[in-house]
Each structure stands twice: as C-alpha cells, then as structure tokens.
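In the working numbering, the protein residues as written are 430 to 740.
No residue lacks a Cβ here, since even glycine has one placed at the ideal position from N, Cα and C.
I have placed the structure first, in the form of structure tokens, so that the comments after it can refer back to it.
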Amino acid sequence: MTKTGISGPYEVIIGAVNKIAGETCLLMQGYGISRRALGKNTAQIRELIDGKVKDCFVSYGVEDGKLLWLWVSRVVPDDFDGKLINVRPFIIDQAMIEDGVIEKLAEKSREFHKAGKLRVQVGLVGSEKGKRGLYEKHGAKLAYHLLCGKVSDSLKYLSGRKPKLPDGYSLKAIDMEKDLAEYLHVQILALKSDKTCSMYSLSPARIRKVFLKFFNGKPESKSFGVYYAGKITGSCTVSISKRPRRTGLLASMVVIPGHRGKGLSSVLYSAALSWLKSRKVERYAGISSTERVLANVDKMGRKIVVSYLKI
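See the structure below:
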C-alpha cells in the first residue's frame with residue numbers, strides 16, 4: 430500500500446468514491462445510490478484503506494484534505510484476455526496524471542500482482558471521463574464504453590425512422606439449437622471486419638468462446654436474425670439481468686459486410702428492444718467501441734456511463 434500526506438483520509442476518500450458511485454447509478458438506473466449501497470461502499474473502502482483485503486493493491490494520496498489519487502487493483506477473469514488487472518475504484522487528479530503517476534501505479538500494480546504481462550484496465554466515470562484525452566496522452570487506449578439508455582427513448586427514435594427490410598430480407602427469432610454454428614460464424618465475420626470493434630483483435634476461437642460462455646450461462650435472452658437467401662446476414666442478442674433493477678443487456682448487434690447500409694441494424698434494434706419492452710424492462714446497457722454505434726449514441730437516447738481504458 431502506498432500512502433502520501435495522509436491525515437484522516439477516510440472521509441475524503443469515501444466521499445469521492447460515493448460521489449462517483451452515485452453518478453454511475455443515476456446514469457444506469459435513473460436513481461441515485463441507495464442508503465444501503467452507500468453504507469456498503471463505506472465499509473468496503475475502510476477495509477481497503479486498512480489493508481484488510483489482501484488480494485488488492487491499494488494506493489492513495491491525500492493532501493490538505495484533497496484526494497490526489499485512489500487506485501485499487503485486483504486480478505479478475507476477463508472474456509477478452511482471459512485475465513486482466515482491473516482498477517476500481519479509480520480517481521486521479523489532473524496534475525497527478527501530468528506528473529506521470531498513472532504509469533507508475535500501473536507498474537506497481539503489475540509488480541504487486543506478479544503479472545507483468547497482464548493488461549491494466551481503468552474505468553472513467555463521472556467527471557473522470559473528461560480526462561480521457563489526458564490519459565491517452567500518457568499511453569492509455571480506449572478499450573470500450575459502457576452505454577446505457579431507456580428502452581422507450583431508443584424505440585421512439587427508431588420508430589421515427591420507420592425501419593423496413595429491403596426486398597428479399599426477412600426477420601425472425603434465431604433457433605439457437607439449430608442455427609448456433611451459423612450465428613457464431615456471423616459474429617466472427619462481422620466483428621473481425623471492423624478495426625474499431627473492441628473484439629477485432631481477438632482470435633475467432635476466442636470470439637466463439639465468449640459467446641458460448643454467454644449462452645451456457647443460461648440467461649433470459651432472445652436473439653433475432655435478418656435472413657437473406659436463407660442465411661443470417663445480421664443478428665441482435667439481448668438478455669435480462671435481475672440486478673440492477675431488471676436491466677436489459679445488449680449482448681451483440683452485428684451486420685456482416687456486404688449487407689451494411691441497408692437499414693438492417695435499425696430493424697434488429699427495434700425487434701430486440703420491443704422484446705425487452707414486452708418483458709417490462711425499462712433500461713438497457715451494452716458495451717461498444719465501434720464507430721458506427723458511437724455515432725448514434727445521442728440519437729438513440731443512450732449515454733456513456735463508463736469509458737474503459739487499457740494501459
């Protein structure tokens with residue numbers, strides 16, 4: 430554990446962490462953080478500061494009542510890389526970033542976890558998102574964004590576009606028992622064709638493993654496909670998580686090359702979100718780094734809740 434200029438840090442650190450937690454909950458759920466969650470957060474931060482969580486690397490700096498940085502890292506499983514060093518909570522003052530603190534903390538994390546080759550991932554939330562350019566100046570790169578929106582807002586935008594399939598195309602729910610292999614092939618073909626996609630650099634075997642793990646988890650989910658000449662040309666998969674507050678998860682939305690620019694994605698989005706609405710799900714979330722998706726975030730009524738950077 431690294432400490433700098435510490436003098437009664439509990440209130441300063443807990444206040445900063447709870448502020449960001451509240452901002453995140455407001456964006457994701459439309460509600461502020463609950464008293465119960467605040468109490469749980471406070472207890473967890475005290476344990477971290479006191480060094481009671483042995484698998485975490487904890488570093489913080491407090492000077493004259495101001496939090497200079499807070500860095501809590503642990504090694505966690507990751508669908509993309511197998512494992513990574515996840516940093517949460519994560520707060521760094523702008524002046525500290527410019528002084529190169531982030532590079533030093535990443536190095537110390539790898540030393541602590543004895544994981545010199547693992548990727549370090551940080552999540553920017555709240556006011557921290559505005560510092561993304563500065564982090565990237567110091568070597569960080571975008572992994573992906575966590576996006577959240579209201580099902581009703583996105584459906585309103587889509588209905589205004591009046592999405593319609595071109596002649597020869599049809600929409601139907603995908604029978605995963607029958608068409609799983611074709612579905613996986615479409616995911617690989619689409620994701621490997623866009624360099625801005627967060628899964629672009631993954632091997633076909635890893636992409637297949639990610640989706641098989643998702644379906645083997647037996648979530649309450651639905652997959653829709655657009656078919657042309659009997660073959661899947663695009664698909665959208667959504668599921669429902671009971672926590673927090675029955676949130677929809679947009680697990681995948683792809684259209685393969687050669688069939689893009691025809692409005693297929695709007696039809697797929699409409700079908701998937703209408704299914705969530707029928708299940709009384711009001712909000713949904715998903716991750717993306719794809720330029721085409723990010724270009725329509727505001728139009729769809731979605732917000733960037735967390736920007737994940739890799740170091």
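Pick from the options that is closest to residue i, judged by C-alpha positions
{"i": "GLU606", "options": "PHE486, LEU641, SER670, TYR656", "result": "LEU641"}
{"i": "TYR564", "options": "ILE531, ALA544, LYS585, GLU540", "result": "ILE531"}
{"i": "LYS579", "options": "ILE733, SER632, LEU738, LYS739", "result": "ILE733"}
{"i": "TRP498", "options": "ALA535, SER463, VAL482", "result": "ALA535"}
{"i": "PRO648", "options": "HIS567, ALA680, ALA572, TYR629", "result": "ALA680"}
{"i": "VAL627", "options": "ASN725, ALA524, ARG539, SER718", "result": "Reading the sequence as shown, one finds Ser at residue 627 and not Val. Among ASN725, ALA524, ARG539, SER718, the Cα nearest to that of SER627 belongs to SER718."}
{"i": "ASP582", "options": "TYR737, ASP727, GLU527", "result": "ASP727"}
{"i": "SER488", "options": "SER538, ARG464, LYS495, GLU557", "result": "SER538"}
{"i": "LYS546", "options": "LYS660, GLY451, ILE514", "result": "ILE514"}
{"i": "PRO542", "options": "CYS485, SER668, GLY468, PHE509", "result": "The question names Pro, yet the displayed sequence has His at residue 542. Out of CYS485, SER668, GLY468, PHE509, CYS485 has the C-alpha closest to the C-alpha of HIS542."}
{"i": "GLN473", "options": "ALA569, ILE442, SER736", "result": "ILE442"}
{"i": "SER502", "options": "ARG708, ARG548, LEU575, GLN616", "result": "ARG548"}
{"i": "TYR713", "options": "ASP522, ARG517, ARG674", "result": "ARG674"}
{"i": "GLY677", "options": "TYR737, ALA701, LEU496, LEU467", "result": "ALA701"}
{"i": "PRO769", "options": "ILE520, SER699, THR625", "result": "Residue 769 falls outside the range modelled here, since the chain spans only 430 to 740, and no answer is possible."}
Range of the contiguous beta strand (DSSP E) that encloses residue i
{"i": "ALA569", "result": "First-last for ALA569: undefined, no H or E at that position."}
{"i": "GLY511", "result": "511-521"}
{"i": "VAL722", "result": "Not the beta strand (DSSP E): VAL722 falls in the alpha helix (DSSP H), residues 720-723."}
{"i": "LYS732", "result": "731-739"}
{"i": "LYS601", "result": "598-602"}
Simplified DSSP state of residue i, which is helix, strand or coil
{"i": "GLU711", "result": "coil"}
{"i": "MET628", "result": "coil"}
{"i": "PRO506", "result": "strand"}
{"i": "CYS485", "result": "coil"}
{"i": "VAL639", "result": "helix"}
{"i": "SER400", "result": "The question about residue 400 has no answer here: the residues shown for the chain are numbered 430 through 740."}
{"i": "VAL551", "result": "strand"}
{"i": "ILE443", "result": "helix"}
{"i": "VAL491", "result": "strand"}
{"i": "THR433", "result": "Low confidence applies to THR433: its pLDDT is 43, below 50, so where it sits in the model is not reliable enough to give any reading."}
{"i": "VAL696", "result": "helix"}
{"i": "LYS448", "result": "helix"}
{"i": "SER622", "result": "coil"}
{"i": "LEU467", "result": "helix"}
{"i": "VAL501", "result": "strand"}
{"i": "LEU496", "result": "strand"}
Limits of the unbroken alpha helix (DSSP H) element including residue i
{"i": "LYS658", "result": "First, the residue type needs correcting, since residue 658 is Ala and not Lys in the sequence shown. Where ALA658 is concerned, there is no enclosing alpha helix (DSSP H), given that its DSSP letter is neither H nor E."}
{"i": "SER583", "result": "580-590"}
{"i": "SER681", "result": "Segment 676-684 is the beta strand (DSSP E) holding SER681; no alpha helix (DSSP H) there."}
{"i": "GLY480", "result": "Premise fails: GLY480 is in no alpha helix (DSSP H) and is neither H nor E."}
{"i": "ARG539", "result": "530-542"}
8 Å contact criterion, which residue i and residue j should meet: CB distance rounded
{"i": "SER650", "j": "ILE603", "result": "Not quite, the Cβ-Cβ distance comes to about 11 Å (not below 8 Å), so this is no contact."}
{"i": "SER694", "j": "VAL615", "result": "No, SER694 and VAL615 are not in contact; Cβ-Cβ is about 13 Å, not under 8 Å."}
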